[in-house]
Amino acid sequence: MIHFVGAGSGGADLITVRGARLLGQADCIIYAGSLVNPDVLQYQKEGCAVYDSAGMTLEDVIALMAENEKAGKDTVRLHTGDPSLYGAIREQMDELDRLGLSYDVTPGVSSFCGAAAALRAEYTLPEVSQSVIITRMAGRTPVPEGEELRKMASHGCTMVLFLSTGLLEDVERELLAGGAYTADTPAAIVYKATWPDEKVFRCTVGTLAQTARDNHITKTALITIGNFLGNDYERSKLYDPGFTHGYREASR
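Residue numbering for the sequence shown follows the working numbering, beginning at 7 and increasing consecutively.
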């Protein structure tokens, strides 16, 4: 069996219980060495073969999985965060389907969740933002037509940008071009969320690039944007004593 497993946002103890169990049972682990905290490999059993996929192609990974399946071995394909976000797992699953090989997926704690924890923030604040856009700046890899950053930014809701730290001058320009954010809109750069060397830099849309330069941040960071980082919001109705719902009558 082949198991796609989300390693979590960085901290080795943030992998799920199921993910840790599967790592402990695996005969072979193929992990994204450029992104996954190697401390997560502490869950492997003695004698497990471990491969860093950073230097491998899709064809290399699939060939190794197929070889293990033929030998009756369990394989864990270990991805950073949650594999459904920028994990490039669809192309792997399609190849496994073509070969008739069985697999399953174990979700993980995404780094966008880890970033919120590092910020001690809630992305969805009443009367501030009830939507979160997860996207990235177009670079060497384009984004689909209609998903340009300025169009996403036009909504003014909470945004989390992956894979964009090296393009922050462009990010600033595109965010402002959307028309909903100003140069003073709160923003933050979260470097290696939940890792031991995690760092948080609060800034504004207009100072994102300078903040990254001042702190020598060039990769492995998430960019968060929006007024959820401010101090103004409305109290939740769920716990308001004057609000009736299916589990409680209003007390006033």
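Note that CB positions come from ideal geometry on N, CA and C, so glycine has one too.
- Between the stretch 199-215 and the stretch 112-128, the count of C-beta pairs closer than 8 Å reaches three or more; the two stretches touch.
- Straight across, the Cα-Cα distance linking threonine 63 with leucine 70 is about 11 Å.
- No Cβ-Cβ contact shorter than 7 Å links glycine 162 with serine 116.
- Secondary structure of lysine 205 (DSSP, three-state): strand.
- Sorting Met143, Ile36 and Gly93 by C-alpha distance to the C-alpha of lysine 157 places Met143 at the top.
- Across the structure, asparagine 43 and glycine 16 are spaced so that their CA atoms are roughly 6 Å apart.
- Non-local beta-carbon contacts of tyrosine 57 in its own chain, meaning distances under 6 Å to residues more than five positions away in sequence, involve Ile36 in chain order.
- Close CB contacts of phenylalanine 118 within its chain, under the 7 Å cut and outside five residues either way in sequence, are with Ile140, Val166 and Leu228 (chain order).
- Counting only residues of its own chain and dropping the five nearest sequence neighbours on each side, leucine 244 has a CB closer than 8 Å to the CB of His251.
- Closest by C-alpha distance to leucine 20, out of Leu84, Pro89, Gly114 and Arg241, is Gly114.
- Looking at Gly14, Ser108 and Pro202, the one whose alpha-carbon comes closest to that of glutamate 75 is Ser108.
- Around aspartate 190, the same chain offers Thr210 as residues with beta carbons nearer than 6 Å, after the five sequence neighbours per side are excluded.
- The Cβ-Cβ distance between alanine 32 and valine 82 falls below 7 Å.
- Boundaries of the beta strand (DSSP E) harbouring methionine 165: 164-168, taken from the DSSP string.
- For proline 132, same chain residues with a beta-carbon under 8 Å away, outside a window of 5 residues either side, are Tyr239, Glu240, Arg241, Ser242 and Lys243 in chain order.
- Of the residues assessed, proline 150 falls on the exposed side of the cut-off, its CB having fewer than 16 other CB atoms within 10 angstroms.
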